[in-house]
Every structure is written in structure tokens, then in C-alpha cells.
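Heads up: the structure comes next, in C-alpha cells.
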Amino acid sequence: MDYAQRIGAVRAAIAEAERRAGRAPHGVQLLAVSKARRAAEVRAAHDAGLRAFGENYLQEAMAKLPELADLDIDWHFIGAIQANKTRDIARNFQWIHTIDRAKIATRLDGAAARRLEVCIQVNVDAEPQKAGVAPDRLPALVAHVASLPRLRLRGLMVIPRPGTDVRASFRRAKALFDANAAAAGPRWDTLSMGMSDDFQIAIEEAATLVRVGTAIFGPRTGTASGALAQAAAP
Ligand SMILES: *Cc1c(COP(=O)(O)O)cnc(C)c1O
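So for the sequence shown, this note's numbering puts the first residue at 1046; every next one is plus one.
As C-alpha cells, then:
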């Protein structure tokens, strides 16, 4: 597979969506989602020009990161955060997209050895059992995270409900982003939304960071646990 070609196509699609939306060029960051990919694949994508990679599963990431320690990579954590994993997440990632409760934020702040760039995940469609803070509880969480010294609050992250009107979900996310800007502080500049299937729509609705896996690396084969086994193999 030719990474340079795929990445070029994604970048062109990002630029096209920016143009269509009347946005300035180069205002959207491309985060390569490398869950279920081996270290060699991440290295190839890095060598083709990518510098920011996202991982969902701490155990999988911890197996991969040491192999890639020689590369200049910003690691983003985009998976569910368990309270007993906050220390390893804080120590190994530069960005965390998925803070959704005060306790997790406090623990990350306590464990951080340096400043962490963070986003709050919002359950923008108010789906039951889904990760993310409920929109009506967002202001309290924004105030809490903004008060923590080692966390730099950068914005919101959303995953719309699949198979619905994702544009409407992205629009709600943007409205929440604007409504909480004053309380969030000066570094509030990130709207993390859009994946391989819908990143152009997300950009039209004001995304500043898109999380793209499949369109860069090809289809994921097997499950996350399959990737774990792969990552752990010699
Ligand atoms: C897997 C994943 C992505 C990327 O999905 P693709 O459809 O492969 O682009 C983005 N964000 C999150 C939170 C993910 O879990």
C-alpha cells in the first residue's frame, strides 16, 4: 500500500471541504488513528509525513510506543479512560480527547509530569450508555477541567450516533463549543470530530481536527483484541 498516495488523497479531501465551507486553508489537523495497526505501519505513515497518531487502547499502545520512540510523534489518546489507567495515559500521551468526568480529569492532572492538551468528550446525541458527558453537564465539567493546572483545555470531541444525521450532531457540537468558549479559557481552539466516512461533513460544520484511520491505513482486519495479540507478538 502506498501511504503517501492515501495521505495525499485525504489531505486533498480536507482541502476541498475547507474550500466548500469557505474556510481558510490548512486550518484542520489530520490525526491518523493507528488502533489495530502495527508499529511498522505507523512508521511508514510517519515517513510519509504524518506526525500525530491516535490510539484507543492503552495496552495496545504501550506495546507499540517503545518501538516508535525514535520518531517525532504526538500521541493522542482517543479511547475510553479507566480510572486505574490515568497514570500511564498521562505519562505516554501528549493529547487526551476523551475526558468525560471530573474524577478522570483530576486523576490525569495529578499524574501528569508535564502539561497535557485535553478535550472533553460530549455525548452530543444524548445516547444512553455512551461515553461522553451529557450536554447539560458540560458547563460544570468545563469549569472543573479549566481549573486544573496541568491540563490545558483545548476543546470538545464527539462521535455522532452512527446511521443518523451526523451533520446535525456536528452542528450541535459546534454550538456547545461556542457556548462554553468564555468559561473554557484562551486555548479553547479544538473541535475533534469526523472520521473516514464523514470528515468532510465535519469540516463543513467547523471541525479543526479529524480522526482518520481507515482512509489512511486501509480496512482494519480483525478486532482490537486481534491487534493486541499482534502488537504483543515478537
Ligand atoms: C476508530 C476511530 C476513529 C477512526 O475511524 P475510521 O473510520 O477508521 O477513520 C476515529 N475516532 C475514534 C474515537 C475511533 O475509535
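By construction, the Cβ of each residue, glycine as well, lies at the ideal position given by its N, Cα and C atoms.
What is the C-beta distance between residue i and residue j, in whole angstroms, given that I count them as a contact (C-beta under 8 Å)?
i	j	result
F1098	A1077	5 Å
V1167	L1201	5 Å
L1186	I1165	6 Å
H1091	I1118	6 Å
W1120	E1105	Going by Cβ atoms, the distance from W1120 to E1105 rounds to 12 Å, so no, they are not a contact pair.
P1184	A1228	6 Å
N1137	L1110	6 Å
A1188	P1180	Not quite, the Cβ-Cβ distance comes to about 15 Å (not below 8 Å), so this is no contact.
L1095	D1133	That belief does not hold up - the Cβ atoms of L1095 and D1133 are roughly 23 Å apart, past 8 Å.
Give the straight-line distance between the Cα atoms of residue i and residue j, rounded to the nearest whole angstrom.
i	j	result
L1221	W1140	21 Å
E1061	E1249	10 Å
R1082	G1258	9 Å
A1135	R1197	13 Å
Q1127	I1149	8 Å
P1173	R1206	11 Å
K1080	L1113	14 Å
S1214	H1071	24 Å
K1219	Y1048	31 Å
Relative to the C-alpha of residue i, which residue among the options is closest?
i	options	result
L1236	L1254, I1246, D1242	L1254
S1192	G1230, P1180, S1214, R1206	G1230
L1161	A1224, M1238, D1181, V1190	V1190
V1163	R1216, R1199, A1171	R1199
D1243	G1263, D1210, A1227	D1210
M1238	G1155, V1169, A1114, E1112	V1169
A1066	A1247, Q1074, R1265	A1247
S1241	A1176, W1233, D1223, I1261	I1261
Any heavy atom of ligand 2 within a distance shorter than 6 Å of the CB on residue i?
i	result
E1250	This structure simply doesn't include ligand 2; it includes ligand 1 instead.
Complete beta strand (DSSP E) runs within the stretch 1167-1228 (minimum length 3 residues, chain order): 1196-1202
Ranges of the beta strand (DSSP E) found wholly within the stretch 1225-1268, counting only runs of at least 3: 1235-1237, 1254-1257
Residues whose Cβ lies closer than 7 Å to any heavy atom of ligand 1, in chain order: V1078, K1080, G1099, N1101, I1123, G1124, I1204, M1240, S1241, D1242, R1256, V1257, G1258, T1259, A1260, R1265
Unbroken stretches of the alpha helix (DSSP H), 4 residues or longer, contained in the stretch 1134-1173: 1147-1156
4 or more residues per run - each alpha helix (DSSP H) lying fully within the stretch 1056-1104: 1084-1092
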